[in-house]
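Trainee: Mind having a look at this structure? Questions to follow.
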Amino acid sequence: MITDAETRTVTAATTGERHMLLDPGMDLTLRPMRYPHFFDRFKEAIKNTWTVEEVDLHSDLADLAKLSPAERHLVSRLVAFFATGDTIVANNLVLNLYQHVNSPEGRLYLSRQLFEEAVHVQFYLNLLDTYVPDEKERFAAFAAVENIPSIARKAEFCFRWIDSIFELRELRTRGDRRAFLLNLICFAACIEGLFFYGAFAYVYFLRSRGLLNGLASGTNWVFRDESMHMAFAFDVVDTIRAEEPDLFDADLERQIKDMVTEAVDCEAQFAEDLLEQGVSGLSLADMREYLQHVADRRLVTLGIAPIYGSQNPFAFMELQDVQELSNFFERRVSAYQVGVSGSVTFDDDF
Ligand SMILES: [Fe+2]
Ligand SMILES: [Fe+2]
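Everything in the sequence shown is counted per the working numbering, starting at 81 for the first residue and increasing by one.
Structure follows, in structure tokens:
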């Protein structure tokens, strides 16, 4: 049965009538291309192609053996978060985002992102298989969303936002579209842009102490992918804002701020758990400030005033932002000559 929305899309394709990005349907028309910036992001993403086999984690085993009990606790909690985090993101992408971003070039990007999330899942699977040789411990790590309260809380936050639009087949009303926007912003700003960025900070802290370079080298790839996922999602938000500015009002802004505040609280609770035994060189106060700083950056990107006014206390993350990644990327280009040409810019929204 053909629905009204499909009829409208078919009509739009044949008559050239414009529809908006969130209008229901399966637009198939790539020429003329309505959102070429989405296609550009798809091509950019392909330049960051990598495989799990390129990342050697075995050099980390000697480091793991010399960690203090407090550091070992941190790493075990961190890998338990990684065990399911990307699968949750991939599920939202398929169940919610792909359905409603009605642009074939936008869906090209989302297909690419789905592939990247699958590579991340494989990377963390490999990580746990390598780091946690004991089978019982490994099963417990994969069940963290049920057993470890700080991870269960983050998962509950994600599931609640997945469920918030799961029943919506089409975005027909203003309320539907705002619900979609909140889901999209949640996954970009709070989950990829805060939960994952928080996790990366622990990895780069350890690297700054000369530890777990294998994990850090894989994280460089994931970090860059996640930066692009976020940038694409914010592009979608900007596109919707240009098409339907009335969706963005004080009420939506308040809902976004509430959501971001809750995400910071979730991630701060996770930090309390990771750092509960006291890791030398990484204080809970600094971690909180860092999370607040990142959250503020996400809000500013969305055109919303920052909540916390916090600075980035981690010099090792500044270094990550600019220097290390670009060096790393250039090294790879010269070493492998794979698919990368032209200049590469790095996430400055950090
Ligand atoms: Fe991911
Ligand atoms: Fe992602």
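Just so you know, even glycine gets a beta-carbon here, dropped at the ideal spot from N, CA and C.
Hey, is Q357 close to ligand 2, as in C-beta under 8 Å from one of its heavy atoms?
Mentor: The answer is no for Q357.
Trainee: State yes or no: is the C-beta of E250 nearer than 8 Å to some heavy atom of ligand 2?
Mentor: No - ligand 2 has no heavy atom lying nearer than 8 Å to the Cβ of E250.
Trainee: Taking DSSP as the reference, what is the three-state secondary structure of V340?
Mentor: In the structure shown, V340 sits in a helix (DSSP, three-state: H, G or I).
Trainee: With distances taken from CA atoms, which of E215, L154, A160 and G165 is nearest G358?
Mentor: If we check each option's Cα against that of G358, L154 comes out closest.
Trainee: What does DSSP give as the partner residues of V359 in its beta bridges?
Mentor: Partner(s): L362.
Trainee: Please confirm if the stretch 146-153 is in contact with the stretch 336-345, defined as three or more CB-CB distances below 8 Å between the two stretches.
Mentor: They do not touch, by the three-pair rule.
Trainee: Quick check: F246 and L177, are their CB atoms within less than 9 Å of each other?
Mentor: Contact flag unset, no.
Trainee: Thinking C-alpha only, which one of F203, L379 and Y211 is nearest G273?
Mentor: Checked all of F203, L379 and Y211; the closest Cα to G273 is L379.
Trainee: Is G298 close to ligand 1? I mean its beta-carbon at under 8 Å from any heavy atom of the ligand.
Mentor: Answer for G298: no, Cβ out of range of ligand 1.
Trainee: When DSSP labels each residue in this structure, what does M106 get in the three-state scheme?
Mentor: Residue state, collapsed to three classes: coil.
Trainee: In its own chain, which residues sit with a C-beta less than 7 Å from the C-beta of R114, not counting the 5 before and 5 after it?
Mentor: Correct list, in chain order: S183.
Trainee: Should F276 be counted as a contact of ligand 2 given a C-beta to heavy atom distance under 8 Å?
Mentor: The answer is yes for F276.
Trainee: If distances are taken between C-alpha atoms only, which option among I336, Y284 and R240 comes closest to L362?
Mentor: Answer by Cα proximity: Y284.
Trainee: So, are the CB atoms of L101 and V181 less than 9 Å apart?
Mentor: Yes; because the gap between Cβ atoms is below 9 Å, this pair is in contact.
Trainee: Short of 6 Å in beta carbon distance, which residues of its chain neighbour L264, apart from the five on each side in sequence? Order them along the chain.
Mentor: If we look at L264 and ignore the five residues flanking it on each side, its Cβ neighbours are A313.
Trainee: Select from A259, P393 and M397 the residue whose C-alpha is nearest the C-alpha of L332.
Mentor: Nearest option by C-alpha distance: A259.
Trainee: Can the beta-carbon of S65 be found closer than 9 Å to that of F396?
Mentor: Outside the displayed range of the chain (81 to 430) lies residue 65, so it cannot be described from this structure.
Trainee: Rank L295, I387, G278 and A296 by C-alpha distance to the C-alpha of L364 and give the top, closest one.
Mentor: Nearest of L295, I387, G278 and A296 to L364, Cα basis: G278.
Trainee: What number of angstroms, rounded off, separates the C-alpha of E369 from the C-alpha of I336?
Mentor: Taking the straight line joining both Cα atoms gives about 20 Å.
Trainee: Which value, in whole angstroms, describes the spacing of the CA atoms of R444 and R192?
Mentor: No answer is possible for residue 444: it lies beyond the span of the chain, which begins at 81 and ends at 430.
Trainee: Considering just the uninterrupted stretch of the alpha helix (DSSP H) at D140, what are its terminal residues?
Mentor: Where D140 is concerned, the enclosing alpha helix (DSSP H) stretches over D140 to K146.
Trainee: Taking the C-alpha atoms as reference points, what is the distance between C266 and F394?
Mentor: Near 25 Å, if we compare the C-alpha coordinates of F394 and C266.
Trainee: Leaving out the 5 sequence neighbours to the left and right, which residues in its chain are closer than 6 Å to F222 when beta-carbon positions are compared?
Mentor: Correct list, in chain order: A163.
Trainee: Does the structure place the stretch 297-304 close enough to the stretch 199-207 that three or more beta carbon pairs sit under 8 Å?
Mentor: Yes, they touch.
Trainee: Taking E185 and L110 to be in contact with their CB atoms under 8 Å, please state how far apart those CB atoms are, rounded to whole angstroms.
Mentor: About 6 Å; that satisfies the 8 Å criterion.
Trainee: Return the CA-CA distance between C238 and G290, expressed in angstroms with no decimal places.
Mentor: Going by the C-alpha atoms only, they are around 33 Å apart.
Trainee: Taking just the CA atoms, how far does N172 sit from A268?
Mentor: Answer to the nearest angstrom: the Cα atoms are 11 Å apart.
Trainee: Which first and last residues belong to the alpha helix (DSSP H) in which Q202 is found?
Mentor: Counting along the chain, the alpha helix (DSSP H) containing Q202 begins and ends at P184 to Y211.
Trainee: Going straight from the alpha carbon of A170 to that of E217, what length do you get?
Mentor: Answer to the nearest angstrom: the Cα atoms are 25 Å apart.
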